[in-house]
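Asks: Just passing along the structure, written as structure tokens.
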Amino acid sequence: MSDVYELMIAVDLQDEIAEPELAELNWHLGIGPRPERLTIVTAFPVVVLDDDGLPVIENDPRPLLAGQGAAWRVGGVLCSALASRVGQSRKGWSLVSRQEVHPDDFDQVGELLCWLAARAQGTHLREDGAVGIGFLRFHEADVPDALQVKSGQVAWPV
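Heads up, the sequence shown is in the working numbering, so the first residue is 63 and it goes up one at a time.
This is how it looks when you write it as structure tokens:
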């Protein structure tokens, strides 16, 4: 049995995103090079064996929403896009991403989702203070669950 989930993010972001953050966001979406300095998600711990065969933790940064092409378990296509809303009534950025994620990645992906939620336009704000950020669906389920960020935490529906 596989623990893969379909993650669908659809969010409009405010216009006030600094250039270094925008570069990092593009990297996470797989549409730009990795910046020298990471500030949105900074820790990517992985356990590796050192020269003596002992486990050590290293930092191995990787883009979190960069999957492209045919999905492995959820069907369809994995993709990400970011478009400027210049010239529209709500300036800023529109982001969409469809990815396969494993619960082991929820912490890091959650950091990125919290960052996005903090910059989301007011149209994503719910009455209870949560920010609607997208949907999460277990690969065997027919219907996705709403994915929200509230008080700086992702409410993972699993």
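Every residue gets a Cβ at the ideal spot worked out from N, C-alpha and C, and that includes glycine.
Note that the structure is a prediction, hence the values are computed from the model and not measured.
Does the region 128–142 touch the region 154–171, meaning 3 or more C-beta pairs lie closer than 8 angstroms?
Replies: In short, these stretches touch, since the Cβ pair count reaches three.
Asks: Taking DSSP as the reference, what is the three-state secondary structure of L140?
Replies: The residue labelled residue 140 in the question sits at position 78 within the sequence shown. Strand at L140.
Asks: Between the C-alpha atoms of L198 and W155, what's the straight-line distance to the nearest angstrom?
Replies: Locating residue 198 in the sequence shown gives position 136, where the first residue counts as 1. Locating residue 155 in the sequence shown gives position 93, where the first residue counts as 1. Taking the straight line from one Cα to the other gives about 22 angstroms.
Asks: For E82, which three-state DSSP category applies?
Replies: Here the question's residue 82 lines up with position 20 in the sequence shown. The sequence given here has Pro at residue 82, not Glu. If DSSP states are grouped into helix, strand and coil, P82 belongs with the helices.
Asks: Which residue comes first and which comes last in the alpha helix (DSSP H) that contains G172?
Replies: In the sequence shown, the residue the question calls residue 172 occupies position 110. Here the alpha helix (DSSP H) through G172 covers F168 to A180.
Asks: Tell me I119's beta-bridge partners as DSSP assigns them.
Replies: For the purposes of this step, residue 119 is taken as the residue at position 57 of the sequence shown. Partner(s): V109.
Asks: Under three-state DSSP, which class holds G184?
Replies: Position 122 of the sequence shown, counted from the start, is the residue given in the question as residue 184. It is helical.
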